[in-house]
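Novice: The following block contains the structure, expressed as structure tokens.
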């Protein structure tokens, strides 16, 4: 057996088991597939709350504020109406303990989700900065005089991160990389084992890349460019030779 082929064989096989089954040999080995990619999608979720002792007044002011906020985002950033989703408004109330008349306070709560896909990292950073600035401009906490018609109105961040919008595409690339790698491996195995028939019979994913969980938290004070991520998945591959 050629020493050069033996050396090559040992470099890519992590685990090799050979089992003789009805005059056929099954070869099982572990194989890793890696891919580098950069998230180019933005996700920001904010929660808006309002409270007032006057129920009708609260409804009017809360609705007006949300419409103005969404319009400002659409008019002054790359967001469109399709990039903004709004949850159902949650209504509640409580008794305010003042020690005097203990008025009933009405509350409203809603979540806005902003999602935006980009073609390059420079574009996503610039758009992120603009959107975060617009959120700050519309935050009642910093502009009390503008929203003094409503006794309590708040806007708070829930999440802000970069993510992969199409994880399935990346998973396919990882799988294609695996197939290409194992095509070369099978050719070498056939030479080493003097076999004319080496068939790939089974591929089992042992450790996924968890692309859906690959999120990069955004620094809201100074939005950063998304960083490149190395995605890795591990498979068990089986061949049969006769």
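Residue numbers (the working numbering): 32 to 273.
All C-beta atoms in this analysis are idealised placements derived from N, C-alpha and C, irrespective of residue type, glycine included.
#1: Looking only at its chain, what residues have a beta carbon closer than 7 Å to the beta carbon of residue 201, apart from the 5 residues adjacent to it on each side?
#2: Would residue 235 pass as a contact of residue 206 if the rule is Cβ separation under 8 Å?
#3: Over the uninterrupted beta strand (DSSP E) stretch that includes residue 260, give me the two end residues.
#4: I need the boundaries of the beta strand (DSSP E) containing residue 236, first residue and last residue.
#5: First and last residue of the alpha helix (DSSP H) that includes residue 157?
#6: Starting from residue 105, trace the alpha helix (DSSP H) both ways and give me its first and last residue.
#7: Contact defined as beta carbons within less than 8 Å: I believe residue 135 pairs with residue 123. What is the distance between those atoms, to the nearest angstrom?
#8: Bridge partners for residue 77 per DSSP, in chain order?
#9: With DSSP as the reference, please indicate the residues paired to residue 66 in a beta bridge.
#10: At which residues does the beta strand (DSSP E) containing residue 133 begin and terminate?
#11: Taking C-alpha atoms, which residue in 152, 117, 184 lies nearest to residue 88?
#12: DSSP puts residue 194 in a beta bridge; with which residues?
#13: Can you tell me which of the three DSSP states residue 204 falls into?
#14: What does the alpha-carbon distance come out to for the pair residue 247 and residue 77?
#15: Run through DSSP, which three-state label would residue 32 get?
#16: Between the alpha carbons of residue 150 and residue 71, how many angstroms are there, rounded?
Specialist: Checking against the coordinates, here is how it stands:
#1: The beta carbon of residue 201 sits closer than 7 Å to those of 66, 68, 195, 242, 262, all from its chain and outside the five residues before and after it, given in chain order.
#2: With respect to the 8 Å criterion, residue 235 and residue 206 are not classified as neighbours on the basis of their beta carbons.
#3: 260-272
#4: 229-238
#5: 152-168
#6: 86-107
#7: Incorrect: roughly 11 Å between the Cβ atoms, too far for contact.
#8: 143, 188
#9: 262
#10: Looking at the DSSP string, residue 133 is not in any beta strand (DSSP E), and its letter there is neither H nor E.
#11: 184
#12: 72
#13: helix
#14: For residue 247 and residue 77, the gap between their C-alpha atoms comes out near 17 Å.
#15: With a pLDDT of only 46 at residue 32, under the threshold of 50, the placement of this residue in the model should not be trusted; the figure read from the coordinates follows. Three-state DSSP puts residue 32 in coil, outside helix and strand.
#16: 7 Å
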